[in-house]
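Take a look at the structure set out below.
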Amino acid sequence: MDFLAEAPYLAAVVPLGLAVFLFLFGRLLGKASAWVAMLGPLTVLLAGVACAVVVLGGEASAAPAPYVGGMVSSATWDWMVQGTMVITIGYAVDGLSALMLLVVGTVALMVMVFSVGYMADDPGFARYFTLLSLFTASMTGLVIANSLAGIFVAWELVGVCSYLLSGFWYRKPSAANAAMKAFLVTRVGDVGFLLGIAVLWQATGSLDLAEMTAAASGVAAGTIAVASALLFMGAAGKSAQFPLHIWLPDAMEGPTPVSALIHAATMVAAGVFLVARVWPLFEASPGVLQLILVVGVFTAVMAGTAATAQNDIKRVLAYSTISQLGFMFAALGLGAWEIAMFHLTTHAAFKALLFLGSGSVIHGTGTQDMREMGGLFKKMPITAVTWIVGAAALAGIPGLAGFFSKDEILAAGYHEQLWVVVLLWAASLFTAFYITRATMLTFFGRPRGDQHAHESGPTMTIPLVILATLAASAGYLATVVAELLGEEAHALEPPVAIVSATVAIVGVAAAVLFYRSGLKADDRLAGALDPVWRAWEHAYWFDGFVQRVVVRPTVVFATVLYEVVDRFVIDGIVEGTGTASRWFGRGMNAIENGDVQWYAALIGGGVIALLAVSYLIVMQDQLADTISNLGLW
Amino acid sequence: MSVSEVSFWILATMCLGGALVVVVTRGMMRMTLGLGAFLLGVAGFFLYYGSPFLAVAQVFVYVGGVLVLILLAIMVLKRDDTGRPQLTSRVDIATALVPIIVFVFMNQALSPVGEELGVVLGSSDSVEDMRMALLGTMLPQFELVGVLLLVALVAAVAIVVRKERS
Amino acid sequence: MSIVTLTSLLFSIGLFGVLTRRDLIAVLASVEIMLGAANIQLIAFAAARGEYGSGQSLALIVLVIAAAEAAVGLALLVALARRSGRTQVEELMEVEG
């Protein structure tokens, strides 16, 4: 396993090779392709472990900023060379990369195992695992890349994988549209990312992270602020932060394990990872950090409330993810990037668990609508218990993963800006409430709907159990994570922790009491909170707002461009070229009439033209001089 | 008006009149007579500019040769209608612009030189000069022209008799 | 009227004939006019410069070439007339590529 620490690029190369292999032979392999594909995340996980061991053992060499925790291994190659312009590509594995390798490897492996059962009857089985392998390779490439060029390439690759997997059931129009929407909305952010890269390249002359960071200290603060704001734009798009969050709930059209892997644990966390990766740039731009803080807190509260009124179990989790990512960005905004990474890690564990749990429920009942569930605890005991562990972790019940990481964020805010803490407590209250509501509606109360729900098979329950174990215990790894990131671990902040725990317990208790009566509680709440509840249900109608303010004007503008500019101006020019040539041809044709005298006249005309030109150039007197000088006179 | 001026104008009128007749007239015989007048006018100008030998050659070769040749062709073809110059058609009026503009250009370009050309009477040893030139500096051209003339005559015969042989 | 204007005028008249006459014999005659005009000019310049030798020799060469041209042209004309019975320029339009 040591060789994986020396050659961590294998973590990206192996899944990529497997993706190619499965692309070519997946259909022949059939069901076996799943087990072949698992070699990919297994490699990633082992590489993560090997690298983490090196970092924790203190054997890593010193690493320049922005690398943290020591350098395990790195290499750089020239990629594009144009004169003096060189774009390099390569990898560099430090503590942060090692942590991400662990997260990606673990979740990807669990998701793949789970998918064997979940996708068993799907005709696209081999294609599914091909794409998962490709995603694993891309995500690994993203976390080990040592230049912004490499990160951007991987960034777009995971975007493509997200597109392909969200729209996996591409015959379903809603899935195809959702995939398109996700792609386009994240593209808005990616434009900012690309511009940010351009600004940095212009300012520092390098895309290599270490060289860039070193050169950035000599760059004007304003330039760095612009660049980091643009990078944040890309991060916000990928991590579904307001106002670019609208794609994530729709992306739930994909298979549920995909949601667990891409839209909960890894890809959507890439934005957080990106900010942490180039942290020195953000650290130098307090204004941008404040912007990130505001966006993060706003998103956390907005999505947390929206999640409360959803009826689709996956949409609850989608808004929950947006909200939790808001927490992470709030941590980044507070300057506590290592806490954001810690929350990313715990969130990956419990949110992947919750998504896979919802997948198990959907698999067992055949529906995603919580109003048609209820009373599943007895029919699906393993799913129910693991789900409750994940829900408790998300809610922030003391002792479980979410409590620790969320508490650290709140503690950081407590020291910096108090309003942040208050708003995040509100978001936490909603978090505890909505996840408990989902639990109550799904697993408790009277069964609604007439499905014959059943517990899922071992390939699905085993990953649930493993992830539940992680969700319960990951909080105690704070010291390890901090050490990997080369930072001090934060001790619990008693006053904050007590309030947080109270908030969580109150939220859970309220939801439990409320939803003992099942769906009636929804009606009562909807009645009591009328306009607000409907706003939550429609996520503040932001989608419709975007539709009206951005999409429709764009479509109208594009239509005008097409109907007026394209049809008349462009086509006119293009067709005019042809018409003019035809006319010119006809004119020329009239000259070629076979009359030799006409030809002679044309020759005479040519002579005149030449004379006229020479006459104009030389002028009369000079022409006379020229003739004299010839010696005639 | 001096004698030389009078003779210049007589010759000029002869040349211009003959040329215009050639270009404009409809009748074949009248055209030939016009050409004859023009060619004699040219011979007169040769004399006027002191080249009596060339003047004689001009009369022999053109008036006695080419003109007779054209008359012969007309007689052989038994035709006396040359067809009107197509001055009525719009294309031909446009075509007429070409010579007009050529005239303007030539006149404009050469007149500064021409104004300085006075009337010069020929020198008596001009033939001697020409002999020296033709057999001296211009010998290659002279020989070439001889060959050309031979080729032209053979070609003329060949073109005309080809039909009978095939 | 200077000699230069006269020869220019004669040359242009000849050119006009070449471009507009429909009968090939007339076209040939017009060519002769152009050549004659050029010859007058040559001799006039030769006389003015006092270099009779080269000027007259050049004029003689032009004269000979004109004669050769007339001979070949008339031969062609006769051949053409034998073929179609006409000597109009239109007969040459068959050469149109």
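Protein chains in written order, with the numbering used here: chain A, 542 to 1174; chain B, 254 to 419; chain C, 2 to 98.
Ideal Cβ positions, reconstructed from N, Cα and C, are used throughout, including at glycine.
This structure is a prediction, so every number in the text was calculated from the model and none was measured.
- Under the 8 Å criterion on CB atoms, Gly1147 of chain A is classed as non-interfacial with respect to chain C.
- For Tyr669 of chain A, the uninterrupted alpha helix (DSSP H) run begins and ends at Phe666 to Ile685, by DSSP.
- Burial state of His1031 of chain A is buried, judged by a 10 Å Cβ sphere holding 16 or more other Cβ atoms.
- Membership of Ser1058 of chain A in any alpha helix (DSSP H) is not indicated, and neither H nor E is assigned to it by DSSP.
- Residues of chain A with a Cβ closer than 7 Å to the Cβ of Val32 of chain C do not exist; the shortest Cβ-Cβ separation is about 11 Å.
- Val836 of chain A and Gly954 of chain A have their C-alpha atoms roughly 15 Å apart.
- In the structure shown, Tyr550 of chain A falls within a coil segment according to DSSP collapsed to helix, strand and coil.
- Take the alpha-carbon of Ala633 of chain A and the one of Val732 of chain A: they are about 25 Å apart.
- The stretch 766-778 of chain A and the stretch 645-658 of chain A do not touch, with fewer than 3 CB-CB distances between them shorter than 8 Å.
- Under the rule that a run must span 4 or more residues, the alpha helix (DSSP H) segments found entirely inside the stretch 1029-1095 of chain A read 1035-1055, 1061-1069, 1071-1078 and 1083-1087.
- Counting C-beta atoms within 10 angstroms of its own C-beta, Gln851 of chain A has 16 or more neighbours from the protein chains shown and is therefore classed as buried.
- Nearest Cα to Val813 of chain A within the set A:Val962, A:Met641 and A:Thr983: A:Met641.
- A straight-line Cα-Cα distance of about 21 Å links Thr584 of chain A and Ala810 of chain A.
- Residue contact with chain A for Val19 of chain C: present (Cβ-Cβ distance below 8 Å to some residue of chain A).
- Less than 8 Å divides the Cβ of Gly867 of chain A from the Cβ of Gln782 of chain A.
- Of the other Cβ atoms in all chains shown, fewer than 16 fall within 10 Å of the Cβ of Asn1134 of chain A; this residue is therefore exposed.
- Residue pairing for Ala633 of chain A: DSSP places it in a beta bridge opposite A:Ser615.
- In the DSSP assignment, Ser747 of chain A forms no beta bridge with any residue.
- For Gln1138 of chain A, the nearest beta carbon of chain C is closer than 8 Å to its own beta carbon.
- Linking Leu672 of chain A to Trp1124 of chain A through their CA atoms gives a straight-line distance of about 56 Å.
- Residues of chain C with a Cβ closer than 7 Å to the Cβ of Ala405 of chain B are, in chain order, Ala69, Ala72 and Val73.
- Among the CB atoms of chain A, none fall inside 8 Å of the CB of Phe299 of chain B.
- In this structure, Phe724 of chain A lies near Tyr704 of chain A, with their beta-carbon atoms less than 8 Å apart.
- Taking C-beta atoms under 8 Å as the contact rule, Val1049 of chain A and Ala973 of chain A qualify, at a distance of about 5 Å.
- For Gly682 of chain A, the CB contacts under 6 Å within the same chain, skipping 5 residues up- and downstream, are Ala553 and Ala695 in chain order.
- Ser602 of chain A is bridged by DSSP to A:Met612.
- Listed in chain order, the non-local C-beta contacts of Leu964 of chain A below 7 Å within the same chain comprise Val838 and Val842, local neighbours out to five positions each way being set aside.
- Look at Val760 of chain A here: in three-state DSSP terms it is coil, with no helix or strand label.
- Secondary structure note for Ala72 of chain C: its alpha helix (DSSP H) is the uninterrupted segment Tyr53 to Ser85.
- Distance from the Cα of Ala591 of chain A is smallest, within the candidate group A:Glu547, A:Ala1045 and A:Val555, for A:Glu547.
- Under the 8 Å Cβ criterion, the stretch 605-614 of chain A does not count as touching the stretch 560-579 of chain A, having fewer than three qualifying pairs.
- Residues of chain B whose Cβ lies closer than 7 Å to the Cβ of Leu1157 of chain A do not exist; the shortest such Cβ separation is about 12 Å.
- Taken atom to atom, the span from the alpha-carbon of Leu982 of chain A to that of Gly567 of chain A is near 40 Å.
- Thr1010 of chain A and Ile938 of chain A have their C-alpha atoms spaced approximately 15 Å apart.
- Against chain B, the CB of Ser13 of chain C has a partner CB under 8 Å away; the residue lies at that interface.
- Counting C-beta pairs with one atom in each stretch, the stretch 17-37 of chain C and the stretch 281-301 of chain B have three or more that are closer than 8 Å, which means they touch.
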